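Q:
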Amino acid sequence: MTSTSTDTCVVVGHGMVGHRFVQELRERDTANRFKVIVLSEEPVAAYDRVGLSGYVGSWDPTSMSLPDNTYAGDELVELRLGESATAIDRENRRITTSSGHEIDYDAVVLATGSYPFVPPVEGKDNPRSFTYRTLADLDAIRSTAEAAPAGAPGVVVGGGLLGLEAANALRLLGMTPHVVEFAPRLMPLQVDEGGGALLASLVGNLGLHVHTGVSTTAIADADNDLLAVTLSDGTVLDAALVVFSAGVRPQDALGRQAGLDVGERGGIITDTGCRTSDPSIWAIGEVAAVEGRCYGLVAPGYTMAEIAADGILGRCDSLFPGADMSTKLKLLGVDVASFGDAMGVTENALEIVYSDPVAGSYKKLVLSDDATTLLGGILVGDADAYAVLKPMVGREIPGDPASLIAPMSAEGAGIGLSALPDDAEICSCNGVSKGSICSAIADGACSVADIKTCTSAGTTCGGCVPSITRLLADSGVELSTALCAHFTQSRAELFAIVAATGIRTFSELIARFGTGGGCEICKPTVASILASTSSDHILDGEQAGLQDTNDHFLANLQKNGTYSVVPRMPGGEVTADQLITIGQIAKDFGLYTKVTGGQRIDMFGARVEQLPEIWRRLVDAGMESGHAYGKSLRTVKSCVGSSWCRYGVQDSVAMAVRLEHRYRGLRSPHKIKLGVSGCARECAEARGKDVGVIATEQGWNLYVGGNGGQSPTHAKLLASGLDDETLVRYIDRYLMFYIRTADRLQRTAPWQESFDGGLDRLREIVCDDILGIAGDLEDAVARHVDGYRDEWAAVLDDEDKLRRFVSFVNAPGTPDPTIAFDDSTGRRVPVLLGTPTRFKEAAS
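Following UniProt numbering, the numbering of the sequence shown begins with 1 at its first residue and continues without gaps.
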């Protein structure tokens, strides 16, 4: 690119909004008029601060990076990381930076965002007190949490959105979180008293301890190596650390220093064009007070970025239109949504409330005084109707308003997206209307990916993707269910074909029902189907060649070319002798060991040729494969239940062991995790699992469709008060029906959410046997149980299978020269000295 620019635009701040501005300016500046210099106070480029809690667990900053955040290859953008602006000389149009550099500017965009508000609590500067705002904050919290005993208490000051996210981060770090909120309910800006009560109950079931209507008055070191956190009601909480997440304030110090106009409550005042009191300086995002009002959501910030880009380029027709402050969130797997006049402050407004604490659902609509116009609403626990309700705000309701939130009203009792006018906004993050999406479909867009490319809808938070999918379907676009280019059938259809025909090889299946030679999509999928419909070993005959790398070696490939070894510990139980065996193996082979959240011990760093000898010793000790490498049952997590715990009402360990023995090795579209809790305190976090079982005095409650990962989902109640045998039968039916009907790599949560008729229909199939297939589903599981044999034990007894466990270039027994380990930190971590031999072989 040849630069013809003569002007310099300095962007102060490189958060989500600052990055969006740079993208918008570069796209609009077709004449390459501006060179852009971006000053980033943080040492990392723009990342997804909205999804900050997603950093917990991966601890990989690159996983949070926003697309194209380094502007590689664009010579008109200079990104300076770890360098902030310290002063603005407006008279000479010059910025001084923290590194002492001076930058002359023609335009400045302040995108400095906000900073965490820390209330004036005595002891707030204690070294074990933190804020929750940046990746560095989370790294510091993690360091202190990992140094604390397992299950140590942690206190979060603030029960709003970020406070609950911080509490979840502590939970994921193995701590016991306490949330202290001064308001009488959690999330007071988003939900009302009824919604707050249910939210407190739901998060309480997940192990959070909620303290509302109180403030934090003091933090002090205690004699027990913990902190003593004193609340305004006299309560003293023990804490290994304290996290302040009590709101944010505009980061307007630079603007104040420069003499720009600021609002009474902070923020740099701008007009509707996002221009400050200095015509050469714009402010966008959380630091901007547009006509005196600050907006704390990313969507209005993106709109401001677009407006400022137009303004700097001299296109003054773009004005900030105000912002929709509606939000839809998933906190700890709990849906929370509010939209429009959620609190019903409109004069003479009417309210319709539906509350079902048993099902964990609270829904409220706010209507005009004649009950014809939707003004707003709140959804807690079940926010499926948000996609339809939110665009209807301010519009006449086409039908009975109560039907919008009544039970059995799938997406509003038939009042769906088709009832919305074209100007209804579907994607609030990017301001995309229903009409724009429908126009894109009419012009040939035939997939969600096409819609994203054409309109940008669904590219930010993704919350509108279900609505986009529905619009595609309503427009008559037939969404392909073909598995891949070689099979026109869906995975469920191929499963039915295999079950009906008895085909046992991929070659026969593709010859009769497909085309070509297959690919990396259909081969592992068919391998999984074949494994789900028989007890054949996955490395037998032709089937061995279908497996992906992990299944090929019955171990998880790690990033340095070594493999992990994960023996099964049913329900978390393990004998002392087995622990000794694991420790001795780890010592003899130099493996890194880690106790996982799934209640078992992983060993990392094994070379391929070492796997058989390691597993021979484990099998001799009575252990078997934990299937950490397979799309199958992983673990059944349990608390200690009535065997040990004084709160336990049933033997959760015995049930967890029974379930893990029953479903071990059961191949499925994706991994499956179960949990069994011995009481409602839910120490096994069963409602975060694909199948969750919780003991009550009346029997077992069965929850289904919970998932962790990038899209955490709370499991929903399928049946309650079950005896042991009924519980097992229902789980048999649910899992086998999922295995038969789900798409490739589809977890139970999205399968359940997309299932025609939803949970109610699944309940009819699983519990009421409305299709008359319950016996067949149970028989399929019984055949699996009867035919199960440990995969590693079978390998050790078969010389042909053992021959595959060599490292090729360096076999046998010679260490791979590309693999080394670093023990300098006291933790054994892998170091790459080149491309691992295993990866070289795979590439060739």
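C-beta: ideal position from N, C-alpha, C; glycine also. The structure presented is a predicted model; accordingly, all values stated were derived computationally and were not measured.
(1) Pick helix, strand or coil for residue 174, following the three-state DSSP scheme.
(2) Bridge partners of residue 129, per DSSP?
(3) Roughly how many angstroms separate the alpha carbons of residue 6 and residue 398, rounded to a whole number?
(4) Would you say the region 593-607 touches the region 564-581, given that touching needs at least three Cβ pairs under 8 angstroms?
(5) Assign residue 70 to one of three DSSP states: helix, strand, or coil.
(6) Can you grab the Cα-Cα spacing for the pair residue 745 / residue 544, in whole Å?
(7) Label residue 691 either buried or exposed according to how many other C-beta atoms from any shown protein chain fall within 10 Å of its C-beta, with 16 as the threshold for buried.
(8) For residue 848 and residue 24, what's the separation of their Cα atoms in angstroms?
(9) Within a Cβ cutoff of 7 angstroms, which residues of the same chain sit near residue 785, ignoring the five residues on either side of it in sequence?
(10) Using only CA atoms, which one of 668, 673, 696 lies nearest to residue 681?
(11) Can you tell me which of the three DSSP states residue 281 falls into?
(12) Beta carbon of residue 585, beta carbon of residue 614: below 8 angstroms?
(13) Do residue 429 and residue 299 have their C-beta atoms within less than 8 angstroms of each other?
(14) How would you call residue 200, buried or exposed, if buried means at least 16 neighbouring beta carbons within 10 angstroms?
(15) When DSSP labels each residue in this structure, what does residue 393 get in the three-state scheme?
(16) CB-CB under 6 angstroms to residue 197, same chain, minus the five flanking residues each way: which ones, in chain order?
(17) Do you know whose CA, among 43, 738, 253, lies nearest residue 115's CA?
(18) Tell me whether the region 142-158 and the region 173-193 touch, counting them as touching only if at least three CB pairs, one residue from each stretch, are closer than 8 angstroms.
(19) Mind checking whether residue 848 and residue 699 have CB atoms under 8 angstroms apart?
(20) Excluding five sequence neighbours on each side, which residues of the same chain lie with their C-beta closer than 7 angstroms to the C-beta of residue 514?
(21) Is the distance from the Cβ of residue 386 to the Cβ of residue 375 below 8 angstroms?
(22) Can you tell me whether residue 720 is helix, strand or coil according to DSSP?
(23) Verify the CB distance criterion: does residue 576 have a CB-CB separation below 8 angstroms to chain E?
(24) Compute the beta-carbon to beta-carbon distance between residue 308 and residue 274, rounded to the nearest angstrom, for a pair I have assumed lies under 8 angstroms.
(25) Using 10 angstroms around the beta-carbon of residue 394, count the other beta-carbons present and answer buried if the total reaches 16, otherwise exposed.
(26) By Cβ distance, which residues of its chain are closer than 6 angstroms to residue 161, with the 5 residues on each side in sequence left out?
(27) Whole alpha helix (DSSP H) runs in the region 500-528 with 4 or more residues, listed along the chain?
(28) Determine, using beta carbons only, whether residue 483 and residue 533 come nearer to each other than 8 angstroms.
(29) So, at 6 angstroms on beta carbons, what are the nonlocal neighbours of residue 422 in its own chain, with the 5 sequence-adjacent residues on each side left out?
(30) Taking the continuous beta strand (DSSP E) assigned at residue 616, which residues delimit it?
(31) Would you decide whether residue 802 is buried or exposed? Buried here means 16 or more other CB atoms lie within 10 Å of its CB.
(32) Okay, do the region 8-20 and the region 34-43 touch, 3+ Cβ pairs below 8 angstroms being the bar?
(33) Give the C-beta separation of residue 367 and residue 373 to the nearest angstrom, bearing in mind that I take them to be a contact with Cβ-Cβ under 8 angstroms.
(34) For the candidate residues 671, 606, 220, whose alpha-carbon lies nearest to that of residue 591?
(35) Whose C-beta lies closer than 7 angstroms to the C-beta of residue 723 among residues of the same chain, with five residues either side of it excluded?
(36) Using a threshold of 8 angstroms, state whether the C-beta atoms of residue 432 and residue 455 are closer than that.
A: In this structure, then:
(1) coil
(2) 242
(3) 56 angstroms
(4) yes
(5) coil
(6) 20 angstroms
(7) buried
(8) What the structure shows of the chain is the stretch from 1 to 844, and residue 848 is not part of that stretch, so it cannot be assessed.
(9) 662
(10) 696
(11) strand
(12) yes
(13) yes
(14) buried
(15) coil
(16) none
(17) 253
(18) yes
(19) The chain is shown only over 1 to 844; residue 848 falls outside these bounds and no answer can be derived.
(20) 486, 487
(21) no
(22) strand
(23) The chain inventory of the structure shown lacks chain E, comprising one protein chain alone.
(24) 5 angstroms
(25) exposed
(26) none
(27) 506-513
(28) no
(29) 434, 435
(30) Run containing residue 616: none in the beta strand (DSSP E); it sits in the alpha helix (DSSP H), 611-620.
(31) exposed
(32) yes
(33) 7 angstroms
(34) 606
(35) 699
(36) yes
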